[in-house]
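Here's the structure we're looking at; comments come further down.
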Amino acid sequence: MAPAQSKINSLHVAVIGAGAAGLVAARELRRENHSVVVFERDSKVGGLWVYTPESELDPLSLDPNRTVVHSSVYDSLRTNLPRECMGYRDYPFVTRPEHDESRDSRRYPSHREVLAYLEDFAREFKLVEMVRFNTEVVLAEPDGSKWRVQSKNSEGTSKDEIFDAVVVCNGHYTEPRVAHVPGIDSWPGKQIHSHNYRVPDQFKDQVVVVIGNFASGADISRDIMAVAKEVHIASRSNPSKTYKQLPGSDNLWLHPMIENAREDGSIVFENGKVVQADTIVHCSGYKYYFPFLNTNGYITVEDNCVGPLYKHVFPPALAPGLSFIGLPWMTLQFFMFELQSKWVAAVLTGRVTLPSEEKMMEEVTAYYAMRDTYGLPKRYTHKLGANQIQYLDWIAEQVGAPPGEEWRYQEIEGGYFRLATQSDTFRDKWDDDHLMVEAYEDFLRQKL
Ligand code: FAD
7 MAPAQSKINS LHVAVIGAGA AGLVAARELR RENHSVVVFE RDSKVGGLWV YTPESELDPL
67 SLDPNRTVVH SSVYDSLRTN LPRECMGYRD YPFVTRPEHD ESRDSRRYPS HREVLAYLED
127 FAREFKLVEM VRFNTEVVLA EPDGSKWRVQ SKNSEGTSKD EIFDAVVVCN GHYTEPRVAH
187 VPGIDSWPGK QIHSHNYRVP DQFKDQVVVV IGNFASGADI SRDIMAVAKE VHIASRSNPS
247 KTYKQLPGSD NLWLHPMIEN AREDGSIVFE NGKVVQADTI VHCSGYKYYF PFLNTNGYIT
307 VEDNCVGPLY KHVFPPALAP GLSFIGLPWM TLQFFMFELQ SKWVAAVLTG RVTLPSEEKM
367 MEEVTAYYAM RDTYGLPKRY THKLGANQIQ YLDWIAEQVG APPGEEWRYQ EIEGGYFRLA
427 TQSDTFRDKW DDDHLMVEAY EDFLRQKL
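Under the working numbering, residue 454 is the last one in the sequence shown; the count climbs by one each step, no gaps.
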C-alpha cells in the first residue's frame with residue numbers, strides 16, 4: 007500500500023504488555039508522535055524473559071482461577087536462535103563496550119542475557135517512562151470510534167480510560183495447551199506442563215515421559231535426563247515405528263505419540279513399547295488468550311487461530327483502532343515485532359493506509375482457503391516458517407524499510423536446521439561463521 011500523504015494523526019494509544027513486542031511498539035508509536043501508555047502487570051519490563059523460580063500451583067495450569075505466573079522460562083534456557091539475527095534491527099543483540107564480565111557473550115546466550123538486552127533497549131530509548139507497572143488491563147472494548155481500557159493496579163485501584171487505539175502485546179506463551187492422552191484420567195502418575203518447569207530436581211530417579219520434541223521438549227528432556235532414571239520423548243512428528251536412543255545419552259529414548267495411559271501406571275506408545283512412568287511433562291505448546299478483550303464476538307480464537315486478522319495484525323472491522331503485535335511464530339520474533347510496530351504506528355498516523363475492510367476480509371478469506379488447500383490445521387494459521395521472508399519483506403515494504411538482510415534469513419534457516427538435526431549441540435557447534443561476520447560488518451556499517 008502506498009504511503010498516504012494527506013492526514014497526519016497523533017493519537018492516544020494503549021499498549022498492553024511491556025515484553026519484547028510492547029517495548030518496540032511503544033518506541034515506534036512514540037517515534038510517530040503518538041502519546042503512549044504501556045500497561046504492564048509485572049513490576050519489570052521483559053515479559054517472558056523475566057525468569058522466576060516460582061511456578062503455578064496447578065502444574066498443568068488448568069484452573070481458570072489460578073494465580074498466573076507469566077514466564078515460561080526454565081533455569082537452563084539459552085536462546086534457540088543466534089543472537090545476531092534474534093535482536094531488533096536497529097539495536098542489535100550484541101556485546102557492547104559498556105558491558106562488564108557479568109554479561110553472557112555466547113552466540114546463544116542464557117535467558118538472563120536476553121532480559122539484560124531488553125532492559126538495555128528500554129533504557130537506551132527511554133521507554134520505561136511510558137510504562138505503568140503492576141497494572142493489569144482487565145477490559146479493552148470499543149467505545150464508539152474509541153477504545154475503553156479498564157485497568158487495575160496491584161493495590162486494587164481500578165481506572166477507566168479512553169484511548170484512540172489499543173495495541174495488544176500480551177504474549178502467547180503463558181496459557182498452556184495440554185496434549186490429549188487417551189486413558190489419562192485414570193492414570194495415577196503426575197503431570198506438569200513446560201510452562202511450570204524450572205529445574206529438573208523433582209524428577210530425580212524417575213521414569214519421565216516428555217510429550218513434544220521441539221525447542222522446549224528437546225531442552226527439557228535433556229535437562230531431566232541428567233537426574234532421571236529414564237526419559238522417553240513422545241512426538242507426533244515421529245513415524246509410528248520410531249524407537250531409538252538419542253546420541254550422547256544412555257537413558258533418553260525417542261518414540262512416536264502415546265497410544266494410551268493405563269490405570270496400572272504404564273504408558274503405551276504407538277510403537278508398541280510400554281514404560282512404567284512416574285511423570286508426564288507436556289511440552290505441547292501454548293494457546294493465544296485475550297481474557298481482557300471484548301469485541302462482541304468479532305474476534306475469536308478457534309483451535310489457536312486468532313481471527314479475522316489482516317496479515318496477523320489488524321482485525322478488518324476494528325482496524326486500525328485495534329491491532330496485535332507478535333502473533334506469528336516460527337519466525338524472527340524481535341525483528342517481526344519491530345516491523346509490525348512500524349506498520350501499526352504509521353497506519354495510525356495516517357502515513358500508510360490500509361485497504362478497505364472488504365478488501366482486508368477478502369485477503370483473510372483467501373489466506374484461510376490456502377491454508378485449507380494445503381491441509382494445514384487451523385492451529386498453524388500463525389505459523390510462518392518457510393513463508394516468513396515473504397511476510398516480513400511485505401511489511402517492510404509497507405513502511406518503506408529495507409527488506410530483511412540475507413544473512414539474517416540464512417542464519418534463521420540454518421538455525422532451525424541445526425535445532426532439528428543436532429538438538430544437543432546446536433548452541434555450541436555451527437558452520438556459518440561467514441554469516442556472523444556479515445552480520446557484524448553490517449552492524450559496524452550502521453554504527454549500531
Ligand atoms: P511476552 O514477553 O510474553 O510479554 C508480554 C507482556 O505482557 C508480559 O510482560 C506480561 O506481563 C504482559 N501482560 C500480559 N497480559 C497483560 C494484561 N492483561 N495487562 C497488562 N500486562 C499484561 N524467541 C526468540 O526470538 N528467541 C528465543 O530463543 C526464544 N526462546 C523462547 C523460549 C521459550 C521457552 C518460549 C516460551 C518462547 C521463546 N521465544 C524465543 C519466543 C518469545 O516468546 C518471544 O521472543 C518474545 O519474547 C515474546 O515477546 P512478547 O512481548 O510478545 O510477549
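Ideal Cβ positions, reconstructed from N, Cα and C, are used throughout, including at glycine.
- Per the Cβ contact rule, the stretch 53 to 63 is in contact with the stretch 197 to 207 (3 or more Cβ pairs under 8 Å).
- In the DSSP assignment, N266 is bridged to V274.
- Contact check between the stretch 281 to 290 and the stretch 213 to 227: three or more CB pairs, one atom from each, fall below 8 Å, which counts as touching.
- Residue burial is scored here from C-beta neighbours: W193 has at least 16 other C-beta atoms within 10 angstroms and is therefore classed as buried.
- Shown here for D126: not one same chain residue has a beta carbon closer than 7 Å to its own, the five before and five after excluded.
- In the DSSP assignment, G313 forms a beta bridge with T306.
- Boundaries of the beta strand (DSSP E) harbouring L258: L258 to H261, taken from the DSSP string.
- For E161, there is no enclosing beta strand (DSSP E), as DSSP gives it neither H nor E.
- Per DSSP, S222 is one residue of the alpha helix (DSSP H) stretching across A221 to M231.
- If you look at V353, you'll find it in the alpha helix (DSSP H) that goes Q339 to T355.
- Taking the Cβ of G420 as the reference point, every heavy atom of the ligand FAD lies at 7 Å or farther away.
- Straight across, the Cα-Cα distance linking W153 with R72 is about 28 Å.
- Under DSSP, T141 takes part in a beta bridge, and its partners are N159.
- Residue pairing by DSSP puts D149 in a beta bridge opposite K152.
- By the neighbour-count criterion, in which a residue is buried when 16 or more other Cβ atoms sit within 10 angstroms of its Cβ, L17 is buried.
- Boundaries of the alpha helix (DSSP H) around L398: Q394 to Q404.
- DSSP, reduced to helix, strand and coil, places T379 within a helical segment of the structure shown.
- From the listed residues V19, L133, R112 and P148, the smallest Cα separation to V51 is found for L133.
- Only residues of its own chain outside the window of five on either side were considered, and among them G327 have a CB closer than 8 Å to the CB of S151, listed in chain order.
- For the ligand FAD, a non-hydrogen atom lies closer than 7 Å to the CB of S78.
- One alpha carbon belongs to G421, the other to N86, and they sit about 8 Å apart.
- Within the same chain, Cβ atoms closer than 6 Å to the Cβ of A352 are found at V358 and V405, the five residues on either side in sequence being excluded.
- When D48, R33, G271 and E34 are compared, the shortest CA-CA separation from N140 is found for D48.
- Residues K196, Q197, I198, H199 and N202 of the same chain have their beta carbon placed closer than 8 Å to that of P65, with the five preceding and five following residues left out of the count.
- At the C-beta level, V312 and V173 stay beyond 8 Å of one another.
- Taking a C-beta distance under 8 Å as the contact criterion, V19 and D149 do not qualify as a contact pair.
- With the rule of 3 Cβ pairs closer than 8 Å, the stretch 400 to 420 counts as touching the stretch 336 to 345.
- Counted as a single uninterrupted DSSP element, the alpha helix (DSSP H) harbouring H117 occupies residues H117 to E130.
- As a beta-bridge residue in DSSP terms, A20 pairs with V43 and V172.
- About 15 Å separates the CB atoms of M376 and P314; that is not less than 8 Å, and the two are not in contact.
- Straight-line measurement puts the Cα of V144 at about 43 Å from the Cα of D434.
- When the Cα atoms are used, V79 and Y57 turn out to be separated by approximately 6 Å.
- With a cutoff of 7 Å, D48 counts as near the ligand FAD, since its C-beta is closer than that to a heavy atom of the ligand.
- DSSP lists no bridge partner for W436.
- Annotation for F423: no beta strand (DSSP E) segment contains it, though the alpha helix (DSSP H) segment containing it runs E412 to T427.
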